[in-house]
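Okay, structure first, notes after.
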Amino acid sequence: MIKTVIIEDEKPAARKLERMLSLFPDLQLVANLESVEEAVSWFAENEHPQLIFSDIVLGDGLSFDIFEKISTKAFIIYTTAFDQYTLKAFKLNSIDYLLKPIMEEDLAGAIEKFKSFIPSDKSVNSQEIKQLIKKEKTTLSRILVKIGYNLKIVQTPEISCFFSENKIVYLQTQDRVYPSEFTLDELTDVLDDKKFFRVNRQFIINSDFIKNIHTSPNYKVELNFQPKEEITVSRERVKDFKDWLVN
Numbered sequence: 001m002i003k004t005v006i007i008e009d010e011k012p013a014a015r016k017l018e019r020m021l022s023l024f025p026d027l028q029l030v031a032n033l034e035s036v037e038e039a040v041s042w043f044a045e046n047e048h049p050q051l052i053f054s055d056i057v058l059g060d061g062l063s064f065d066i067f068e069k070i071s072t073k074a075f076i077i078y079t080t081a082f083d084q085y086t087l088k089a090f091k092l093n094s095i096d097y098l099l100k101p102i103m104e105e106d107l108a109g110a111i112e113k114f115k116s117f118i119p120s121d122k123s124v125n126s127q128e129i130k131q132l133i134k135k136e137k138t139t140l141s142r143i144l145v146k147i148g149y150n151l152k153i154v155q156t157p158e159i160s161c162f163f164s165e166n167k168i169v170y171l172q173t174q175d176r177v178y179p180s181e182f183t184l185d186e187l188t189d190v191l192d193d194k195k196f197f198r199v200n201r202q203f204i205i206n207s208d209f210i211k212n213i214h215t216s217p218n219y220k221v222e223l224n225f226q227p228k229e230e231i232t233v234s235r236e237r238v239k240d241f242k243d244w245l246v247n
């Protein structure tokens with residue numbers, strides 16, 4: 001059995017996740033914790049689980065505070081409604097993150113991802129966990145954006161490009177442009193590099209939306225959906241760009 005802990009301060013969300021996890025007979029829920037303080041205390045007094053589902057924003061702080069105070073051997077799947085925390089989550093034993101509301105297929109995929117890292121009968125230490133995670137780049141599959149007082153989930157395959165303007169990074173889709181909480185440097189680390197390539201300091205493009213590539217006098221890319229600015233491949237990245245196109 002895979003010993004599992006939930007860290008969630010919203011009781012309805014905790015109950016829903018518990019019901020969803022009950023569909024996986026090899027998972028054994030051993031604790032349902034509600035705060036940073038309670039979690040730190042519990043981990044100090046109990047055997048650590050193999051898997052943790054943790055909300056990020058708790059009533060008394062961020063769950064990152066828990067794992068900065070304790071050393072755990074557990075893999076962590078973060079659950080969150082706030083995309084701006086996902087990059088930090090990737091650096092703290094995280095193998096995946098689930099945006100709320102959690103979908104059954106996303107939960108199943110995260111659990112299968114956990115199982116793929118290590119056989120259930122083998123224990124590892126924290127350093128080994130980090131090495132296992134490092135071998136498989138965690139990629140950003142969707143982004144939460146704000147539209148006025150509303151939130152919208154945008155799937156990354158729907159994004160033709162990311163671009164910076166006036167110190168804000170925007171994402172372009174077929175329908176419109178949305179502001180994001182990321183920097184281009186952060187996105188470079190977590191986007192699928194088979195699909196996305198940073199052509200210059202201002203743009204990251206998606207190969208699925210390339211309409212045309214001009215090669216003279218400079219490499220210039222036309223996308224199906226893009227802002228008004230021209231997208232030029234910087235000279236030092238032309239070779240890598242051409243290699244990326246055929247890989």
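Following UniProt numbering, the numbering of the sequence shown begins with 1 at its first residue and continues without gaps. Beta carbons are placed, not taken as given, at the ideal position from N, Cα and C, and that holds for glycine.
Sixteen is the threshold: when 16 or more other Cβ atoms of the shown chains lie within 10 Å of the Cβ of Leu-51, as they do, the residue is buried. The C-alpha of Arg-198 is placed about 13 Å away from the C-alpha of Lys-220.
Inclusion of Trp-42 and Leu-33 in the CB contact set at 8 Å is warranted, their separation being smaller than that value. Beta-bridge pairing by DSSP links Ala-31 to Val-5. Per DSSP, Val-36 lies in no beta strand (DSSP E); the unbroken alpha helix (DSSP H) holding it starts and ends at 36 to 45. Inter-residue distance for Phe-117 and Ile-111 is about 10 Å (C-alpha atoms, whole angstroms). Cα atoms of Asp-192 and Asp-243: separation of roughly 15 Å, rounded to the nearest angstrom. Note on Pro-49: 16 or more other CB atoms within 10 angstroms of its CB, so buried under the neighbour-count rule. For Lys-69 and Ala-44, the gap between their C-alpha atoms comes out near 10 Å. DSSP lists Lys-220 as the bridge partner or partners of Thr-232. DSSP places Leu-23 outside both helix and strand once states are collapsed to three, so it counts as coil.
Under the criterion of beta carbons closer than 8 Å, Ser-160 and Thr-139 do not qualify as touching, at roughly 17 Å.
As summarised for the segment 176 to 214, the continuous beta strand (DSSP E) elements at least 3 residues long and confined to that stretch are 177 to 179, 196 to 198, 203 to 206 and 210 to 214, given in chain order.
A distance below 6 Å between beta-carbons, with the five flanking residues on each side excluded, links Ala-81 to the following residues of its chain, in chain order: Lys-100.
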